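Engineer:
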Amino acid sequence: MSNQLKDQWGRKIDNLRISVIDRCNLRCQYCMPVLSTISFSDKSELLTYEEIYRIAKIAVEMGVRTIRLTGGEPLLRREIVTLVGMLASLKQIGLKSIKMTTNGIFLSKHINQLKRNGLESVNVSIDTLNPRKFEKITGYPLLNQVIEGLEKALNAEIKEVKVNAVAIAGFNDNEIYDFAEFAIQYGITVRFIEYMPFPGNGWCLEKFIPSAVLKAKLEKKYQLQQEPSIEPSQTSRNYRIVGTDGKIGFISSVSEPFCSTCSRMRLSADGKLQPCLHGREELNIKKIIRNGGSDEDIRQVILKAANVKSRGHEDFLSPKFRRPTAARPMIRIGG
Ligand code: SAM
Ligand code: SF4
44 MSNQLKDQWG RKIDNLRISV IDRCNLRCQY CMPVLSTISF SDKSELLTYE
94 EIYRIAKIAV EMGVRTIRLT GGEPLLRREI VTLVGMLASL KQIGLKSIKM
144 TTNGIFLSKH INQLKRNGLE SVNVSIDTLN PRKFEKITGY PLLNQVIEGL
194 EKALNAEIKE VKVNAVAIAG FNDNEIYDFA EFAIQYGITV RFIEYMPFPG
244 NGWCLEKFIP SAVLKAKLEK KYQLQQEPSI EPSQTSRNYR IVGTDGKIGF
294 ISSVSEPFCS TCSRMRLSAD GKLQPCLHGR EELNIKKIIR NGGSDEDIRQ
344 VILKAANVKS RGHEDFLSPK FRRPTAARPM IRIGG
């Protein structure tokens with residue numbers, strides 16, 4: 044496709060992650076730095092739905108095919124279902140799917156309307172199946188509410204429902220068989236995300252556990268069969284637990300980075316285009332819009348963001364690695 048947006052390294056950019064809010068109703072320690080060190084955007088600083096729609100439309104015209112809504116916690120943004128409906132109209136000009144990553148706290152409340160308005164896929168973050176540990180890592184005793192949201196999403200027959208768990212050594216690596224049983228019980232994919240370093244998130248080698256270790260542990264008890272990748276830029280390597288409908292996925296962004304096939308660009312809640320999750324570059328697209336910029340001006344910023352997208356992030360496991368290079372903590376970028 045000749046008008047497909049590509050970055051300076053020739054990678055196709057067809058995936059836009061839109062953070063709709065940088066606040067959250069949980070306090071996951073691996074994501075959110077201590078409150079006193081973080082500043083959140085005021086409402087007036089957030090992109091409006093009209094602004095998000097305008098950027099998304101131009102991005103779709105340039106070749107974006109998947110939009111993932113994230114945050115902070117996307118379901119905290121008022122009338123988020125309306126935004127999903129607005130973005131769904133972009134399917135007429137080439138958008139293929141609208142997805143969301145959520146902590147699931149408000150999923151029960153919104154899932155039916157989200158589905159009606161065009162949401163096709165939900166990733167629910169659950170890092171532990173133990174209620175006490177859930178409270179410890181998130182700050183709130185709400186595991187049951189999250190599981191209820193997950194069950195509602197499954198009952199609503201959303202096309203794709205997955206669970207994401209950040210693997211943290213000494214915290215949840217002893218729950219790997221419980222997660223496998225959970226995947227089997229619900230017939231879903233549970234994906235382990237390698238713990239990544241971001242400013243102020245307490246990352247250290249001692250807390251890092253590579254996917255390969257988790258996979259080897261799982262294979263002591265289960266037979267795993269690799270699933271074919273659906274697309275080259277897929278971040279997760281998925282395995283069926285043989286004889287069941289449960290699957291386990293590994294997102295090995297630290298031990299086996301997938302930068303060479305990265306197809307993603309990010310839009311922050313406060314209106315910055317972020318070409319790379321771990322990079323410092325941010326292009327202020329909101330400023331251009333609020334200064335009366337034209338659609339062509341917006342197109343040019345998107346092109347520029349693609350042109351400054353770095354080839355890859357540094358090796359976090361190298362002895363030379365000192366501190367995260369990301370411009371912001373994860374909660375203010377959106378995973
Ligand atoms: N609040 C929503 C949620 O928790 O799903 C969406 C935003 S959250 C930043 C998006 C994803 O990033 C979640 O799956 C979360 O577990 C993941 N995440 C946050 N910090 C991370 C880190 N340091 N390493 C790996 N994944 C992380
Ligand atoms: Fe909130 Fe999601 Fe970050 Fe947890 S991972 S603090 S739920 S944004």
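If you read the sequence shown in the working numbering, its first letter stands for residue 44, the second for the next number, and so on. C-beta atoms are modelled at their ideal positions from N, C-alpha and C, and glycine is treated no differently. All of these numbers come straight from a predicted model, not from anything done at the bench.
1) Measuring from the CB of THR181, is there a heavy atom of the ligand SF4 at a distance below 7 Å?
2) Within the continuous beta strand (DSSP E) that includes GLU203, where are the two ends?
3) Taking the alpha carbon of LEU138 as the point to measure from, which residue in SER151, SER168, VAL107 has its own alpha carbon closest?
4) Please check the pair VAL297 and PHE222, which I expect to be a contact at CB under 8 Å, by giving their CB distance rounded to whole angstroms.
5) In angstroms with no decimal places, state the Cα-to-Cα distance between ILE154 and VAL256.
6) What whole-angstrom Cβ distance do SER101 and ILE341 have, given they're in contact under 8 Å?
7) DSSP puts SER62 in a beta bridge; with which residues?
8) Are any of the Cβ atoms in chain B nearer than 8 Å to that of VAL77?
9) According to the Cβ coordinates, are TYR183 and LEU69 closer than 8 Å?
10) Is there at least one non-hydrogen atom of the ligand SAM closer than 7 Å to the beta-carbon of THR387?
11) Pull up the CB-CB distance for ILE201 and LYS158, whole angstroms please, since I reckon it's below 8 Å.
12) Would you mind stating whether ILE379 and ALA312 have Cβ atoms separated by less than 8 Å?
13) Rounded to the nearest angstrom, what separates VAL127 and PHE149 at their Cα positions?
14) For MET44, name the three-state secondary structure that DSSP assigns.
15) May I ask you to report which of helix, strand or coil DSSP gives VAL77?
16) To which residues of the same chain is GLY292 closer than 6 Å at the C-beta, ignoring the five residues directly before and after it?
17) Would a C-beta distance cut-off of 8 Å place GLY161 and ALA196 closer than the cut-off?
Structural biologist: The relevant details are as follows:
1) Under cutoff, so the answer is yes.
2) Segment 203-210, the beta strand (DSSP E) holding GLU203.
3) VAL107
4) Going by Cβ atoms, the distance from VAL297 to PHE222 rounds to 19 Å, so no, they are not a contact pair.
5) 35 Å
6) Reading off the sequence shown, one finds Ile at residue 101, where the question assumed Ser. Contact flag correct, Cβ pair sits at about 5 Å.
7) BP columns for SER62 point to THR113.
8) Protein chains in the displayed structure number just one, and chain B is not present.
9) yes
10) No answer is possible for residue 387: the residues shown for the chain start at 44 and end at 378.
11) Correct: roughly 6 Å between the Cβ atoms.
12) Within the shown structure, residues of the chain are numbered from 44 to 378, placing residue 379 beyond reach of any answer.
13) 16 Å
14) With a pLDDT of 46 at MET44, under the threshold of 50, the modelled position of this residue cannot be trusted; read the value that follows with caution. It is coil, neither helix nor strand.
15) For VAL77, the three-state secondary structure derived from DSSP is coil.
16) THR232, ARG234, SER279, ASN281
17) no
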